[in-house]
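S.K.:
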Amino acid sequence: MPMAADEIADMIRAAIPDAEVEITDLAGDGDHYAARVVSESFRGLNRVAQQRAVYAALGGRMGGVLHALQLTTAVPN
């Protein structure tokens, strides 16, 4: 069963409490999402480390119930 966008956002916010999270269903099928995650906790981290933090928040669901996630991370302006 695919993950709901709200569930993805909630998992990210639970692990990264200050995160601003926007989730977009790219294909309308509940399997292909884009996520934009902005967090002060990313400051000083390179993009790979930022993205690893988000994937860690998803608890290993990538490639399973969450088929595809196009991920953009950033620090607040």
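Each step along the sequence shown adds one to the number in the working numbering, with nothing skipped, and position 42 is 42. Note that the Cβ used here is the ideal one computed from N, Cα and C, for glycine as well. Predicted, not measured: the structure shown is a model, and the values here were computed from it.
Excluding the 5 residues flanking Asp25 on each side, which residues of the same chain have their C-beta closer than 8 Å to its C-beta?
M.R.: Non-local C-beta neighbours of Asp25 in its own chain, meaning closer than 8 Å and more than five positions away in sequence, comprise Ala5, His32 and Tyr33, ordered along the chain.
S.K.: Could you check which residue in Thr72, Met11 and Met3 has the C-alpha nearest to that of Ala56?
M.R.: Looking from the CA of Ala56, the closest CA among Thr72, Met11 and Met3 belongs to Met11.
S.K.: Looking at C-beta atoms only, is the number of pairs between the segment 61-70 and the segment 46-53 that lie closer than 8 Å three or more?
M.R.: no
S.K.: Using only the alpha-carbon positions, how far apart do Gly44 and Asp18 sit?
M.R.: 16 Å
S.K.: Roughly how many angstroms lie between the CA atoms of Ile16 and Gly30, to the nearest whole one?
M.R.: 23 Å
S.K.: By Cβ distance below 6 Å, which residues in the same chain neighbour Val38 in space, the five residues on each side in sequence not counted?
M.R.: Glu20, Ala74 and Pro76
S.K.: How should Ala27 be labelled, buried or exposed, when 16 other C-beta atoms within 10 angstroms of its C-beta is the threshold for buried?
M.R.: exposed
S.K.: Between which two residues does the beta strand (DSSP E) harbouring Asp25 extend?
M.R.: From DSSP, the beta strand (DSSP E) with Asp25 extends over Glu20 to Asp25.
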